[in-house]
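Plus 215 on top of the position in the sequence shown (first one is 1) and you've got the numbering used here. Comments concern the structure below.
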Amino acid sequence: MASVSSVGSSSSSIYGTRNVISGLASGIDTETLIENAVSGYQLKIQGLQQKRTKVEWQQEAYRSIIAKMSAFTDKYTSYMSATNLMSTAFFDSAVKVSTVGAYADKISASGRTNSDVQILGVKQLAKAAIYTVSGLAGGSGDKPSVSGEQINLKEKQPLSNISGSLTINYGGGRTYTVEFGELDIYSSADELAKAIDEKLGEQTMTLSDGTMVDANTRIGVRVNGESIEFYDKGGAGNNVYISSASGDIKKTLGLTPSESTKSLDLSGVELVNEDGTVGDYLSGKELTVTLDGVTKKITLPDYRKADGHTWTNVEYLDELQKRLDDSFGAGKITVDRNSVSGRDAFSLKLTTQKGSTMAVSGNAAEAIGLGSGASTYVDTSQTLGDILKDADWGKFTLTKAEGEVKKIDVEATEDTPAYSYYVDSKGHKVAKSYDDGQYYRVDDKGEFLYEFKVNDQVVGSFSKNTALESVLTAINGNADVGVTVNYSKTTNQFQFVAKESGAAGRVEMGDGLASALFGGGTEEKGQDAILSMSVNGQILEDITRSSNTFNVDGLSVNLKGTFNYAETDVTDESGKVITAAGTLVEDPEAVTFTSTSDADKVVDAIRSMVEDYNAMVTEIKNAYSTLPAQKSSGAYYEPLTDKDMEGMSESAIAAYEEKAKQGLLFGDSDLSALYSRLLNAVSMTGSDGAALKAAGITTAYSNGLTTLTLDETTLRATLETDPDKVRDIFTKSTESGASTNGLMQALKTPLDLYGKTTGGKGILVEKAGSPLASSTLYSNTIQTQLDALDQQIQKWQDKMSDQIDRYTAKFSALEQLVSEMNSQSSYFAGLMSGY
């Protein structure tokens, strides 16, 4: 709802923040006098603001028309639209093709052809080349499994006496927690202090100015004798203390955290329990086991029985088997008892059934030999360095620097010292190889990048820090490689598939990094489809196609199965071979095709087009032919001011503005010319007019407006008897060789001339701008008018402000003078009262 802000509707609106002395001494209503004195300025500004509002409304009206024009062309003339009535493909696709014959289920088809096409037989289907790699993590056989390193439950396992956590408070408002596990062994105050400092360095502190730094740049940790002290390393005088603690570290060090707890006293404390065993450590620990998406916590057996004796390895594994059976059911996960090596050692091996996925993690996984965790499938978030930790990276091909290498010097800051690095001509970071003295590309952490090739194409350059999933994404996103890859956890297989089917397709891993990751796989060669067909009576036997979908004179044929080729030799009664294996059988029963028009698809699109055209052309015609509304007095409706709106309801305001907006574009020559061009486009004569009428489209005239009408019965009848006539009257153009333009090209020409929003802009877009062409929003004819009006409004507001200042100063001086005179009068009156 638009309105014009009233200037001078109240004294406060013209005075702003000015302090005005209002007739306190003189009794004069100075505010009213000043308002009356500047009323001419107020009326001028109000008139300009009303004019500005009307120009904005005109701009909105133009943009509404542009939006309808653009929507029409996008929907019915754009190659990206599913209802592109300029496209022969739209009409050709609106055909239902049925296959006929004993092997009709082996073939499907779409499109349209004037040829007599018959598929006599299919010997083989086309296949894409496939390269399959099993493993990278093992467990790709019939029974997927995870295996750990050999462990000995009786082996000594030093355990930390200070496992748990410390929370350090910095400056009262920021806290940082460091945690220690039972296997985090620190035998001295120096080792523990260093560990605390490193753990603080992994956390971020936000300073008062918003700068983010590592916490250990502000929280200092130092050893003083047998104590570890905490202090403000930044020298700002902040209080640093231990605010809380948990676990063994609190108990062992006797901590009572408070603001005065600024150190750890290690005197007389044994930081490590040297008497523990692996079995003791594992007692009561949990393994997190996930089987086919279901996760359970498995508590490991207590190493020492109630009678004080320890489990044998076999007993220990049997107890673990029982607990797995209780959690997942018998036979789901098997503990391999054959993994026991001698009396004391064993290697844990868990096996599940084929087609299942299993992962094992938890705080006991490393101690029981499984590292940080193990699974029957590859963790694609792992880095290449972790996956290929035993590979000889020196044999891989480094990515060379491009062009000239130059040094970049970075100055020191408050938080970082000065440093330098090198870049090539493309801006890539590079470093010199010690092997040959040449420069090669590196990642942000300084690790060398290595080429990864598939099908002789460089997919990308990756380092030890690159995650495997990034490599897979790069392969799938590289169009030149022509390969897609997917990974199945269930089968633990990477499958590379050539994007193009046929014998020419291939999947070949390059040397170096690609071979190290995915070498040793199995390859299935691609193959062409082999078939026989008849086209207009000519037999084409044993022809090949690289894809199972191909075009025959406009008919798109899709092969789905083989038929009519002998699988074995066919002999007669005497044993003579009459049809050799792999050849077309004698008198094959062909698959033929019948086509019927999908009338509903075409009719729906044309009906929608007619409705949208009529709505568009009606708005255009009404915009330039409707007279502005007048009041009973004969005056035209002007935009409302804020003062006008006082006391009006929202519905009354809306009704008024509807009248005020009427006829804003009356007599517009551009809209009149556009309407005439559209009228000429739909008013076809001669053979084109007859074809359009056969398609059910005619024009109707009423109250000065010409619109389109659609006779769906006529349209459906023509689609059944002569669908090409309907297609051609919509799609043909002189650009494609026709003598005249069809309906859609005839409409598109004026619509582009006046409403085009891309490339060269349309006449109306240049005039009013459009959100559909962002560059025109603030660069158009009407915007120039609005800017000029804004300047005029500002000029008159400045003039009025100057006048208000002048009158205010004069009346203020008058009030001051009258006040002084009143004071003198009172003084003399006081003197006279004494006589």
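Yeah, the Cβ is synthetic: ideal placement off N, Cα and C, and Gly gets one too. Quick caveat: nothing in here was measured; it's all calculated off a predicted structure.
Sub-8 Å separation of residue i and residue j beta-carbons
| i | j | result |
| --- | --- | --- |
| Tyr852 | Ala875 | yes |
| Tyr456 | Thr476 | yes |
| Gly494 | Lys610 | no |
| Thr598 | Thr681 | yes |
| Phe287 | Val941 | no |
| Ile583 | Gly363 | yes |
| Ser810 | Glu935 | no |
| Arg656 | Lys647 | no |
| Val696 | Phe709 | no |
| Asp639 | Glu617 | yes |
| Gly957 | Asp967 | no |
| Asp743 | Arg760 | yes |
| Gln1018 | Tyr291 | no |
| Thr933 | Ala910 | yes |
| Glu444 | Arg437 | yes |
| Val625 | Tyr634 | yes |
For residue i, three-class secondary structure by DSSP
| i | result |
| --- | --- |
| Ser442 | strand |
| Leu565 | strand |
| Asp768 | coil |
| Asn528 | helix |
| Gly354 | Confidence at Gly354 is low in this model, with a pLDDT of 43, below 50, so its placement is unreliable and the value that follows should be read with caution. Reduced to three states, the DSSP call for Gly354 is coil. |
| Met573 | strand |
| Asn376 | coil |
| Lys547 | coil |
| Val222 | Confidence at Val222 is low in this model, with a pLDDT of 40, below 50, so the placement of that residue should be treated as unreliable; the coordinate-derived value is given next. Reduced to three states, the DSSP call for Val222 is coil. |
| Glu581 | helix |
| Val818 | helix |
| Tyr291 | helix |
| Thr973 | coil |
| Arg267 | helix |
| Ser227 | Per-residue confidence for Ser227 stands at a pLDDT of 44, beneath the threshold of 50, marking its modelled position as unreliable; no derived number is given. |
| Thr856 | strand |
| Arg760 | strand |
| Tyr637 | strand |
| Tyr256 | helix |
| Thr467 | helix |
| Gly748 | The question names Gly, yet the displayed sequence has Met at residue 748. Correct three-state label for Met748: strand. |
| Gln273 | helix |
| Thr247 | helix |
| Phe306 | helix |
CB-CB length for residue i against residue j, believed under 8 Å
| i | j | result |
| --- | --- | --- |
| Thr374 | Val393 | Reading the sequence as shown, one finds Leu at residue 374 and not Thr. No, Leu374 and Val393 are not in contact; Cβ-Cβ is about 19 Å, not under 8 Å. |
| Gly316 | Ala719 | Gly316 to Ala719, Cβ: 31 Å. No contact. |
| Ala344 | Glu739 | 7 Å |
| Ser974 | Ile281 | A small fix is needed here, since residue 974 is Gly in this sequence, not Ser. Their Cβ separation, rounded to whole angstroms, is 15 Å, which puts Gly974 and Ile281 out of contact at 8 Å. |
| Glu723 | Val669 | 7 Å |
| Met899 | Ile334 | Met899 to Ile334, Cβ: 42 Å. No contact. |
| Val825 | Leu923 | 5 Å |
| Met301 | Met831 | No, Met301 and Met831 are not in contact; Cβ-Cβ is about 17 Å, not under 8 Å. |
Any non-hydrogen atom of the ligand HEM closer than 7 Å to residue i Cβ
| i | result |
| --- | --- |
| Ala875 | Judged by which ligands are present, the structure shown has none, so any question about the ligand HEM falls away. |
What are the complete beta strand (DSSP E) segments, minimum 3 residues, inside the stretch 385 to 451? Taken in chain order, the whole beta strand (DSSP E) runs of length 3 or more contained in the stretch 385 to 451 are 389 to 395, 419 to 421, 427 to 429, 434 to 439, 442 to 447.
What beta strand (DSSP E) runs, 3 residues minimum, are completely inside the stretch 887 to 970? Fully enclosed beta strand (DSSP E) runs of 3 or longer: 912 to 917, 920 to 925.
Which runs of the alpha helix (DSSP H), 4 residues or longer, sit entirely within the stretch 648 to 731? The alpha helix (DSSP H) runs lying completely inside the stretch 648 to 731 and spanning 4 residues or more are 683 to 692, given in chain order.
Could you pull out every unbroken alpha helix (DSSP H) segment of at least 4 residues lying fully inside the stretch 821 to 852, listed in chain order? None, since the stretch 821 to 852 contains no complete alpha helix (DSSP H) of that length.
Counting only runs that start and end within the stretch 495 to 540, where is the beta strand (DSSP E) found for 3 or more residues in a row? Positions of the beta strand (DSSP E) runs, each at least 3 residues long and wholly inside the stretch 495 to 540, are given as 501 to 506, 509 to 514 in order along the chain.
Count Cβ pairs between the stretch 427 to 438 and the stretch 457 to 464 that sit closer than 8 Å; are there 3 or more? Touching, no.
Pairs of beta-carbons, one from the stretch 826 to 837 and one from the stretch 916 to 924, closer than 8 Å: are there three or more? Cβ pair count under 8 Å is three or more, so yes.
For the structure I just gave you, are there three or more beta carbon pairs, one from the stretch 882 to 890 and one from the stretch 287 to 302, closer than 8 Å? The stretch 287 to 302 and the stretch 882 to 890 do not touch, with fewer than three beta-carbon pairs separated by less than 8 Å.
Can at least three beta-carbon pairs, one atom from the stretch 724 to 735 and one from the stretch 590 to 607, be found at a separation below 8 Å? With a cut-off of 8 Å, the stretch 590 to 607 and the stretch 724 to 735 count as touching, because enough Cβ pairs lie within range.
Do the stretch 537 to 545 and the stretch 323 to 334 meet, that is, are 3 or more Cβ pairs less than 8 Å apart? Touching, no.
Mind listing, in chain order, the continuous alpha helix (DSSP H) runs of no fewer than 4 residues lying wholly within the stretch 596 to 635? Fully enclosed alpha helix (DSSP H) runs of 4 or longer: 599 to 602.
Is the stretch 259 to 272 in contact with the stretch 813 to 822, if contact means three or more CB pairs nearer than 8 Å? At 8 Å Cβ cutoff, the stretches do not touch.
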